[in-house]
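Structure record follows, encoded as structure tokens.
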Amino acid sequence: MKRLLVGTLFAAALTACGQGRAIFNVDAYSFMSGAGRDTIHYTIPPGGGTASTVQQINLPPGFGKSIVDSVRITKGYAYLFNTGGTGSIGFALFFAADSASTYTTPAALNIAATAVNGVQGPDSVAITGDLSSTVNSLFTQQTLWIRIAATGTNGGVTPVTGKGVLKALVIRVVVEDRIF
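Taking the working numbering, I'd label the letters of the sequence shown as residues 2 to 181.
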């Protein structure tokens, strides 16, 4: 089903492009929700901390010789459901060729923190923006890994607890079409 979805998006993107560029949209959310990895439970101790989820993303084949011009998250958002404590929760997105490297690579995109206090939510957080160009070459491979981290601050003594629930994540990739 996911391969059909990616293939359909790929075909639609190719027919819609011109000027030597191909654009395709990857619905990363569909991979994450289907695997149950769309929720990040966080417990942020005093001083701060991080909680995250990792997922493999399959891409359309044939881009190995292509040059990626840009990668952007065009549609993305999550809900924050805070269950205790006072602080802030932001998001950071990491991309790598394997799951372990998502923990050692710099963030490709940081989303500003949202203040949280006590029991509250859902609070909608937009996740959009251009990814760092250092990850462009990953999008010429057939698979890549994404890690979404909830990064928190906590100036109090009570842990900041809750969950972030991803609701959408669409990644637009623009390549010079040297396909196949």
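All C-beta atoms, glycine included, are put in the ideal place defined by N, C-alpha and C.
Predicted model, so just to flag it, every value in this text is computed and none were measured.
Tell me where the beta strand (DSSP E) around Y43 begins and ends. T40 to I45
For A29, I'd like the list of residues in its chain whose CB is within less than 8 Å of its CB, leaving aside the five on either flank, ordered along the chain. Within the same chain, Cβ atoms closer than 8 Å to the Cβ of A29 are found at Q56, I58, I147, L170, V171 and I172, the five residues on either side in sequence being excluded.
To which residues of the same chain is L94 closer than 6 Å at the C-beta, ignoring the five residues directly before and after it? A109, L110 and I149
Contiguous beta strand (DSSP E) assignments of at least 3 residues, all confined to the stretch 21-98: 22-28, 40-45, 50-59 and 68-97
Put S134 into one of helix, strand or coil per three-state DSSP. In the structure shown, S134 falls within a helical segment according to DSSP collapsed to helix, strand and coil.
Given a cut-off of 9 Å on the beta-carbon distance, is the pair T129 and K76 in contact? yes
Which residues share a DSSP beta bridge with I112? F92
Given a cut-off of 9 Å on the beta-carbon distance, is the pair A79 and V117 in contact? no
Name the residue from S133, V174, G156 and T144 whose alpha carbon lies nearest to the alpha carbon of G88. G156
Would G165 and I41 qualify as a contact pair, given that the criterion is a beta-carbon distance under 9 Å? yes
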